[in-house]
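Notes to accompany the following structure.
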Ligand code: MN
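Numbering (UniProt numbering), first residue to last: 1 to 541.
Next comes the structure, spelled out in structure tokens:
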């Protein structure tokens, strides 16, 4: 097989993040993977790059300003206050405000953005970021161990250069955050293979196939417990081939979530290391620029094994790899066999037993067959350089003008997303991507309460304090002590007890900023003294 130029993004600081004792998501697994990749002598066969960390501005090309601002300053100590008692930004146990959470996000997102830029520049054929792939993160909240959606940010970067991006997701969980972000566009096709049925995040049926211009461009392949290599291959190959044929992508992003492996702590499939890596081999053969990202994976020695093997597949050297593990810093973790393998177990494949595998395949192929074929983008060549270079905004190395353009592009993306939201809000509630439930008091639609499924328990959790029996009637109203100061012509937020609000100093209300944002509800003002005026003060606190 012909050689591919491979870029591999890694920041040694990523392994130091810690989501808390007993939390199944362990950023340390990226470091163990890197150690194994290094022990197999792969580092000198590819470009090893430390990604430029993603800036808050870059993150706001998808996420809201207020959410990024929140993540940038939340600490374990201030989380209760800043999340309004766990009703905003971080909900339930899945996404703790761990020490260094924002640093971790800058590395994960930075890697995927840099990978996209490197691919766009034409300098490499395959780019790898095992610290990325955090597909559940939403525009304005964390979900399923994901805080910042590096995948959406990477794809937005690719869309500056490429006309069509195919996103494929082989994590055991539905790639809901990425699907949601591109649900209404035909420039990104999303294709997710995942367990469905009493399982986080609870979305991803074959009825969800996109909307508006994006109708038909979201492909979902819902599966049951015990999926084997053979069954997976029999559904992955025809569906992905059909995606290639009808969509003719210019670049592919593959999320290689490793919780689809046999024996995963949270997953429930029965796929081996070779069955998982087959997806990488299959896509590499397509001769289209490829980005490989990480994702889930909670039996961490197997995560390290499969991502190491998939790095070898990207390089095309998997046949030369010794199954006996070379000595490495974490060698003893890989006992008792000390081999590069994830074997299958004896669970039954429920997809085959009831014939649902064939039905799901047929439905997906019908959906793809109904598409008009590759959209014919304007008949000129897509520029090989990035949009900014093409338009002459910057030369390579001109950081300032580049940052300025980034900011303008971020603003533009925000505008597009806001328009998309307004359009969606005109429609009825049943299209809401979240699970909204009507409150008993249906007269007041604002007081409906919200639930989220937990990735830890696969049960719905109520995120509205009104719904908790023990906290009934607790008000969600945040009183401001703001006073107008004539001298400074500014509103000063005064609090008798600043610490109670997580403040070190007296906050200053950003009036011009608030005006620029059009006074939208929910905008956070400096000092965190905003009045959440959607919620009435029922004075029961
Ligand atoms: Mn997952």
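Positions of the beta carbon are idealized from the N, C-alpha and C atoms, including for glycine. From a predicted model like this one, the values you see are computed outputs, not experimental measurements.
Taking a contact to require three or more Cβ pairs closer than 8 Å, the segment 342 to 356 and the segment 255 to 275 qualify as touching. Residue burial is scored here from C-beta neighbours: residue 129 has at least 16 other C-beta atoms within 10 angstroms and is therefore classed as buried. Shown here, residue 260 sits in a helix according to DSSP, grouped into three states.
One Cα belongs to residue 372, the other to residue 209, and the distance between them is close to 15 Å.
DSSP places residue 47 in the uninterrupted beta strand (DSSP E) bounded by 47 to 49.
Here residue 36 has 304, 308, 328 as same chain residues with Cβ atoms under 7 Å from its own Cβ, once five neighbours each way along the sequence are excluded.
Boundaries around residue 232 are those of the alpha helix (DSSP H), 229 to 247, since no beta strand (DSSP E) includes it. By the neighbour-count criterion, in which 16 or more other beta carbons inside 10 Å mark a residue as buried, residue 123 falls on the exposed side. Within the model, the alpha-carbon separation for residue 167 versus residue 133 is close to 11 Å. For the options 173, 207, 188, the alpha carbon positioned closest to that of residue 196 is the one of 173. When secondary structure is reduced to three states using DSSP, residue 159 falls in the coil class, being assigned neither helix nor strand. When distances are taken from the beta-carbon of residue 358 to the heavy atoms of ligand 1, even the shortest one reaches 7 Å or more.
Around the beta carbon of residue 289, 16 or more other beta carbons sit within 10 angstroms, so the residue counts as buried.
Just so you know, the alpha carbons of residue 365 and residue 112 end up roughly 30 Å apart.
Residue 450 carries a strand assignment under DSSP once its states are collapsed to helix, strand and coil. In this structure, the straight-line span from the alpha carbon of residue 160 to that of residue 341 is close to 39 Å.
A contact between stretches requires three or more CB pairs, one per stretch, nearer than 8 Å, and the segment 146 to 159 fails this requirement with the segment 200 to 209. Residue pairing of residue 190 in beta bridges, as defined by DSSP: 167, 218.
Spatial neighbours of residue 83 in its own chain (CB-CB distance under 6 Å, excluding positions within 5 residues in sequence) are listed in chain order as 89, 90. Per the C-alpha coordinates, the member of 300, 62, 463 positioned closest to residue 261 is 300. Residue ranges of uninterrupted beta strand (DSSP E) with 3 or more members, entirely inside the segment 251 to 323 and ordered along the chain, are 251 to 255, 290 to 293.
If you draw a straight line from the Cα of residue 164 to the Cα of residue 62, it comes to about 18 Å. Residue 258 and residue 298 have their C-alpha atoms spaced approximately 8 Å apart. Judged by DSSP in its simplified three-state form, residue 339 adopts strand. Only exposed fits residue 245, as fewer than 16 other CB atoms lie within 10 angstroms of its CB.
Using a C-beta cut-off of 8 Å, the segment 40 to 50 makes contact with the segment 309 to 319, since at least three inter-stretch Cβ pairs fall below that distance. Between residue 72 and residue 231, the gap from beta carbon to beta carbon reaches 8 Å or more. Taking 7 Å as the cut-off, the C-beta of residue 276 does not count as close to any heavy atom of ligand 1. Leaving aside the five residues that flank residue 219 on each side, the residues in its chain whose CB is nearer than 8 Å to its CB run, in chain order, 189, 190, 191, 192, 209, 239, 243, 364, 367, 368. Leaving aside the five residues that flank residue 326 on each side, the residues in its chain whose CB is nearer than 7 Å to its CB run, in chain order, 39, 40. In the structure shown, residue 74 falls within a coil segment according to DSSP collapsed to helix, strand and coil. Per DSSP, residue 34 is not a residue of any beta strand (DSSP E); the alpha helix (DSSP H) it occupies stretches across 28 to 39. In the DSSP secondary-structure assignment, residue 462 is bridged to 451.
The beta carbon of residue 205 lies closer than 8 Å to those of 196, 220, 222 in the same chain, with the five residues before and after it left out. Straight-line measurement puts the Cα of residue 215 at about 16 Å from the Cα of residue 176. Within 7 Å of the C-beta of residue 23 there is not a single heavy atom belonging to ligand 1.
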